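I have placed the structure first, in the form of structure tokens, so that the comments after it can refer back to it.
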Amino acid sequence: MIALPVVLPVTVILLALLFGDRSISLHLIDTVLPRYTANTVLLMAGVAILTIPIGVVTAWLTSTYRFPGSSWLPVALVLPLAAPSYVVGYVYADLLDYTGPLQTWLRDWGWNLGLPPIRSLPGAACVIAFVLYPYIFLLTRVSFRQQSVALTEAARTLGASPLETFVRVALPLARPAVIGGLALVLMETVADYGVVAHYGVPTFTTGIFRTWFAMGQPQAALQLAGCLFLIAAVLLIVAGSFGSGFFSTLTGSGSGCSSSS
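Heads up: take any position in the sequence shown, counting from 1, add 11, and you land on the working numbering.
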């Protein structure tokens, strides 16, 4: 009974995708579907390239080293999750746009650098990554803190440098946490609407909204939503394949899985 409200809309979306009007499906394939798919995949790739190093490196530094600010920095690094991504996107767009205060100030001082436009697919990827990297940071930091100190000490005794210890010992053990956090980041990315709409990037989410409300085609919008649902399902399957302890990590029992790997 609790699962019924969740299963019902998902079932409707999948039925529309599998048994909907074939003429609508063919029309979407011939017109907008390739563009939506390409932009969505590129956006996911850009967000992944940015969030993995940010989340993993900050998790390693705050869980391993002590430095000024290390006591409050782990809390501060999670705060971007409290900010809606579209609000952060509005701020970056206003600051970094050609008519924004930063580029205006640079031109006033004679520095016409010609910065790339922020309202673009790479700009949207940067904004989403700066908001969602805490998913990777939280899970990976827990994994680093649960790893046995004896493994690190053994690596150092055998002559490994701190960087080699991180790359060859700590990072492989934290792989399930990294993959689990990345899966959450990418699912949030494919479902984002505010940033991609404001930055003019046509993805599945903007296409669903435009098809339903602007074009008045709810069946076509449901089929686009079904494609988006399949992308999210593939992400979960891939995450479960490459990170053997993905679901254990999400439930808080990832240390045993990390140790065994």
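Note that CB positions come from ideal geometry on N, CA and C, so glycine has one too.
As the structure is a prediction and not an experimental result, all values here were calculated from the model.
- Take residue 21, set aside five residues on each side of it, and the residues of its chain with a beta-carbon closer than 8 Å to its own are 240, in chain order.
- Straight-line measurement puts the Cα of residue 113 at about 6 Å from the Cα of residue 106.
- An exposed status is given to residue 170, since fewer than 16 other beta-carbon atoms sit within 10 Å of its beta-carbon.
- In the same chain as residue 243, and ignoring 5 residues on each side of it, the C-beta atoms closer than 7 Å to its own belong to 198, 201, in chain order.
- Exposure of residue 122 is indicated by the presence of fewer than 16 other C-beta atoms within 10 angstroms of its C-beta.
- Residue 36: member of the alpha helix (DSSP H) spanning 33 to 41, first to last residue.
- Each residue's CA atom was taken as its position, placing residue 209 and residue 100 some 8 Å apart.
- Our two residues, residue 85 and residue 154, have alpha carbons roughly 14 Å apart in a direct line.
- Between the alpha carbons of residue 220 and residue 38 lies a gap of roughly 17 Å.
- Annotation for residue 246: 194, 197, 198 place their beta carbon closer than 7 Å to its own, counting only its chain and skipping 5 residues before and after.
- Around the beta carbon of residue 176, 16 or more other beta carbons lie within 10 angstroms, which makes this residue buried.
- Going by DSSP, residue 224 is part of no alpha helix (DSSP H) at all; its letter is neither H nor E.
- Counting only residues of its own chain and dropping the five nearest sequence neighbours on each side, residue 152 has a CB closer than 6 Å to the CB of 70, 74.
- Not a single unbroken stretch of the beta strand (DSSP E) spanning 3 or more residues falls wholly within the region 165 to 216.
- Contact check for residue 189 against residue 60 fails: the beta carbons are separated by 8 Å or more.
- When secondary structure is reduced to three states using DSSP, residue 234 falls in the helix class.
- Judged by DSSP in its simplified three-state form, residue 83 adopts coil rather than helix or strand.
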